[in-house]
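Visitor: Residue numbers (my numbering): 2 to 126. Every residue gets a Cβ at the ideal spot worked out from N, C-alpha and C, and that includes glycine. In this text, all values refer to a predicted model and were calculated from it rather than measured experimentally.
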């Protein structure tokens with residue numbers, strides 16, 4: 002776990018691209034969860050699945066404390082995240098043993114990311 006001191010005051014801090022802001026920036030905030038919200042899991046899985054919001058909520062919530070590093074240059078250590086365990090979602094779909102990475106795409110096509118399967122399975126969304 003990275004804390005604010007190690008990010009802001011390390012010996013190499015003069016070379017750091019990341020910075021710890023004084024306040025958490027709000028870049029975009031939805032008015033509420035849209036009725037069409039859901040998650041589609043497909044690719045190298047035993048069963049392609051679509052989870053609507055109620056199905057995701059039935060999986061239960063997990064809490065993690067994580068460091069967030071934004072491509073815009075700020076970091077926020079020890080942020081509490083509550084959400085559905087992506088590992089549980091992937092387990093439900095039955096990930097094929099040949100799978101190595103997960104591609105996450107937003108419904109709006111404005112965001113996508115690729116990450117190792119092991120990291121994704123430990124995350125929340």
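1. Over what stretch of residues does the beta strand (DSSP E) that includes residue 63 continue unbroken?
2. Spell out the partners DSSP gives residue 103 in its beta bridges.
3. Just reading off the alpha helix (DSSP H) that residue 90 is part of, what are its end residues?
4. Count the other C-beta atoms from every protein chain shown that fall within 10 angstroms of the C-beta of residue 20, then say buried if there are 16 or more, exposed otherwise.
5. At the level of alpha carbons, what is the spacing between residue 7 and residue 47?
6. Measuring CB to CB, does residue 94 end up less than 8 Å from residue 118?
7. By how many angstroms is the C-alpha of residue 92 removed from the C-alpha of residue 123?
8. May I ask you to verify whether the region 57-66 touches the region 75-94, counting CB pairs closer than 8 Å and requiring at least 3?
9. Just to check my reading of the structure: residue 22 and residue 75 have Cβ atoms closer than 8 Å, yes? What is that Cβ distance to the nearest angstrom?
10. When the distance is taken between beta carbons, is residue 85 closer than 8 Å to residue 116?
11. Can you find the residues in the same chain that come closer than 7 Å, C-beta to C-beta, to residue 88, ignoring five residues on each side of it along the sequence?
12. Taking the beta strand (DSSP E) that residue 78 falls in, what are its first and last residues?
13. Around the C-beta of residue 4, are 16 or more other C-beta atoms found within 10 angstroms, so that it is buried, or is it exposed?
Guide: On the basis of the supplied data:
1. Here the beta strand (DSSP E) through residue 63 covers 63-70.
2. For residue 103, which the question treats as bridged, DSSP gives the partners 116.
3. Residue 90 -> alpha helix (DSSP H) spans 87-94.
4. The residue is exposed, with fewer than 16 neighbouring Cβ atoms inside 10 Å.
5. For residue 7, the pLDDT reaches just 47, beneath the cut-off of 50, and the residue's location in the model is therefore unreliable, leaving the point undetermined.
6. No, the pair does not count as a contact, with Cβ atoms beyond the cut-off.
7. If you draw a straight line from the Cα of residue 123 to the Cα of residue 92, it is about 12 Å long.
8. Yes: at least three Cβ pairs fall under 8 Å.
9. So it is a contact: roughly 5 Å between Cβ atoms.
10. For residue 116 and residue 85, no; Cβs fall outside 8 Å.
11. Take residue 88, set aside five residues on each side of it, and the residues of its chain with a beta-carbon closer than 7 Å to its own are 122 and 123, in chain order.
12. In the DSSP annotation of this structure, the continuous segment of the beta strand (DSSP E) that includes residue 78 starts and ends at 76-84.
13. Residue placement at residue 4 is poorly supported in this model, since its pLDDT is 47, which falls under 50; the coordinates still yield a value, given next. So residue 4 ends up on the exposed side.
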